[in-house]
Amino acid sequence: MLVVLKENSKEVGQEAARIVASSLRANPKLVLGLATGSTPLGMYEELISLHHSAGLDFSQATSFNLDEYLGLPPESPQSFHYFMHSSFFAKVNFSPANIHIPDGALRKDYSAYCDEYERSIKSAGGIDLQILGIGRNGHIGFNEPNSSLASRTRLKELTRETIEDNRKFFPPGMEIPECAITMGIGTILDARRILILATGKSKAAAVAKAIEGPISSSVSASALQLHPDVTFIIDEDAAYALTQRDYYRRVLELTRKYTPEKLD
Ligand code: F6R
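In terms of my numbering, the sequence shown is residues 52 to 315.
Dropping the structure here:
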């Protein structure tokens with residue numbers, strides 16, 4: 052595991068975009084796993100600007116989003132479909148046929164639909180680079196505490212804490228969905244490489260448990276310790292509760308010296 056400490060959220064977005072861009076240049080047919088939420092917005096802005104200024108080409112890439120609220124049609128401004136199109140896809144040259152986001156408008160047969168989502172990830176060759184944020188309760192995707200560490204894409208009930216955290220994205224009075232379709236922790240761990248981003252003090256406790264705590268289903272992100280190629284990119288506020296910050300800085304310097312390819 053690599054822990055990359057950055058000064059602020061802008062630098063977190065730039066570093067994540069740098070890695071996505073270099074992976075895409077090395078493999079134009081890159082299969083990306085993508086996240087929504089406030090955290091990756093800076094990364095998307097930076098990728099859009101690289102597309103315009105440096106011709107970063109998404110035309111052959113494929114994407115699979117982590118999750119979608121149940122009950123929201125794609126055209127709902129609160130849906131993750133809407134978020135992804137307005138914040139990213141509409142501003143780069145991603146081919147619409149290559150974009151996959153779970154369908155939140157489903158009313159039945161969730162498990163058959165989720166199995167199909169898993170199959171389409173497999174038939175695309177699996178996810179090369181998965182982008183994650185982290186919830187205050189340590190969730191990745193919408194894998195709330197006590198999700199099975201082997202879970203696959205499925206319907207998941209949201210905790211009160213997550214519903215409250217997401218209230219800011221909903222207009223007053225609008226009912227907030229109580230369930231979502233989410234890739235499972237097992238699905239996420241199948242990705243070849245994982246970047247997890249975190250910014251702000253409110254994430255510090257979850258980040259410390261994920262990196263330095265025991266592996267436990269009560270902190271879904273701690274399962275990332277099982278993955279051989281995970282990079283945490285976090286700002287100073289989110290790194291606040293880590294006890295080994297100096298060591299992580301030294302690991303990064305030595306990685307730059309001996310195995311710089313790991314940072315691209
Ligand atoms: C989003 C997702 C969630 C968020 C997490 C953090 O697709 O799967 O796990 O990454 O809730 O959200 P923000 O970035 O809004 O703090």
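Glycine is no exception: its CB is placed at the ideal position from the N, C-alpha and C atoms.
Reference residue i; option with closest CA among the options
i	options	result
ALA256	MET234, THR294, ILE239	THR294
PHE93	LEU248, GLN181, GLY155	The question names Phe, yet the displayed sequence has Gly at residue 93. The shortest Cα separation from GLY93 among LEU248, GLN181, GLY155 belongs to LEU248.
ALA105	ASN78, SER130, PRO128, ALA72	ALA72
THR238	ARG301, ARG187, ASP216, ILE172	ILE172
GLU226	MET52, SER127, LEU53	SER127
TYR291	VAL258, GLU229, GLN181, SER198	VAL258
HIS190	ALA289, PRO222, GLY224, SER269	SER269
LYS260	ARG218, THR282, ASN188, ILE70	ASN188
GLU58	ASN217, HIS151, ASP288	ASP288
GLU312	TYR133, ARG170, ILE70, ASP216	ILE70
GLU229	ASN217, PRO223, ARG170	ASN217
LEU75	GLU212, GLU62, HIS102	HIS102
Residue span of the beta strand (DSSP E) that contains residue i, given as start and end
i	result
LEU85	82 to 85
LEU283	This sequence places Phe at residue 283; Leu is not what is there. Run containing PHE283: 281 to 286, per the beta strand (DSSP E) assignment.
GLU208	205 to 208
ILE214	From DSSP, ILE214 is part of no beta strand (DSSP E) but of the alpha helix (DSSP H) over 211 to 216.
LEU157	Taken as a continuous stretch (DSSP letters only), LEU157 belongs to no beta strand (DSSP E), as it is neither H nor E.
ILE232	230 to 233
GLN181	180 to 183
Where the alpha helix (DSSP H) through residue i begins and ends
i	result
SER171	161 to 174
ARG307	296 to 309
LEU101	92 to 105
ILE262	255 to 263
Proximal residues to residue i (C-beta, below 8 Å), its chain only, five neighbours per side dropped
i	result
GLU263	LEU293, THR294, GLN295
GLY88	GLY184
SER130	GLU119, TYR120, LEU123, PRO124, GLY155
ILE99	PHE139, LYS142, VAL143
ILE266	LEU200, SER273, ALA274, GLN276, LEU277
ARG243	GLY177, ILE178, ASP179, LEU180, ASP280
PRO91	GLY64, ALA67, LEU85, ILE182, GLY184, LEU248
VAL302	LEU53, VAL54
LYS252	ASP288, ALA289, TYR291
Nonlocal neighbours in the same chain, by C-beta distance under 6 Å from residue i, ignoring five residues either side
i	result
PHE145	PHE109
THR113	VAL82, ASN149, ALA175
PHE193	ASP118, LYS207, ALA231, THR233
GLU304	none
SER202	GLY235, ILE236, GLY237
CYS165	THR204, ARG205
LEU53	THR282
GLU195	THR210
Residue i in three-state terms, based on DSSP
i	result
GLU119	strand
ARG243	coil
GLN129	coil
ARG69	helix
GLU58	coil
ILE191	strand
THR250	coil
LEU314	helix
SER273	helix
ALA201	coil
SER74	helix
ILE227	coil
HIS151	strand
SER137	helix
Per-residue burial, residue i [other beta carbons within 10 Å of its own, 16 or more giving buried]
i	result
MET135	buried
ARG205	buried
MET234	buried
ALA231	buried
ASP286	buried
LYS254	buried
ALA67	buried
ALA163	exposed
ALA77	exposed
THR250	buried
GLY186	buried
TYR95	buried
SER60	buried
7 Å CB neighbourhood of residue i in its chain, flanking five on each side removed
i	result
PRO153	ASN116, ASP118, GLU119, TYR168, ILE232
LEU240	ALA274, LEU277, HIS278
ASN197	SER268, SER269
LEU314	THR306, ARG307
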